[in-house]
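Note that our numbering has the first sequence beginning at 12, numbered continuously upward.
Ideal Cβ positions, reconstructed from N, Cα and C, are used throughout, including at glycine.
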Amino acid sequence: MRIGDLARQTGVSRRLLRYYEDQGLLRPLRLPNGYREYAETDVSEVRHIRALLEAGLPTSVITRVLHCVHDDGEVVVPSSCPEMMDNLSRERTRINLEISRLAASRQALDSMLAIAREPADGRRSPR
DNA sequence: ATTCTAACA
DNA sequence: TGTTAGAA
12 MRIGDLARQT GVSRRLLRYY EDQGLLRPLR LPNGYREYAE TDVSEVRHIR
62 ALLEAGLPTS VITRVLHCVH DDGEVVVPSS CPEMMDNLSR ERTRINLEIS
112 RLAASRQALD SMLAIAREPA DGRRSPR
């Protein structure tokens, strides 16, 4: 199938499908006219890519663990592929650090807002 | 009618 | 990522 068909079947734009190819996520064949020829299996491949992208993994990592993902009917589940388990857990700890930083920022903002709404003495707040 | 590449009011 | 120009 050509890029237009894959785009319709997956809901992913042609632009993005070409981008996935640049990132090494998809390897469509090339017809003599230069058009990309995708395999039927690329439909599920795109679903897998979407799932991994939503999990926050960078395309560089997805390229390496895509072969670990398989279809189980409607849901995409990571089979026991050590390579993938490793990368997913790394992503998880990375996210935890990010959450910590954001929580710290929130607390800093909260304390400032508290002070702003709570003048030392009886002065009324602005507005 | 479709796709391709490259580039950005 | 979208959009678009110009070519095939």
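- Counting along the chain, no alpha helix (DSSP H) covers proline 89; the unbroken beta strand (DSSP E) around it starts and ends at 86 to 89.
- Straight-line measurement puts the Cα of leucine 17 at about 8 Å from the Cα of valine 23.
- For histidine 78, no alpha helix (DSSP H) segment is defined, and its DSSP state is neither H nor E.
- Close CB contacts of arginine 13 within its chain, under the 6 Å cut and outside five residues either way in sequence, are with Tyr46 (chain order).
- Here glutamate 56 is buried: its Cβ has 16 or more other Cβ atoms, across all protein chains shown, within 10 Å.
- Residue burial is scored here from C-beta neighbours: histidine 81 has fewer than 16 other C-beta atoms within 10 angstroms and is therefore classed as exposed.
- When secondary structure is reduced to three states using DSSP, glutamate 129 falls in the coil class, being assigned neither helix nor strand.
- Secondary structure of arginine 41 (DSSP, three-state): strand.
- Per the DSSP secondary-structure output, aspartate 83 pairs in a beta bridge with Val86.
- For glutamate 48, the beta-bridge partners assigned by DSSP are Leu40.
- CA-to-CA, the gap between alanine 114 and arginine 105 works out to about 14 Å.
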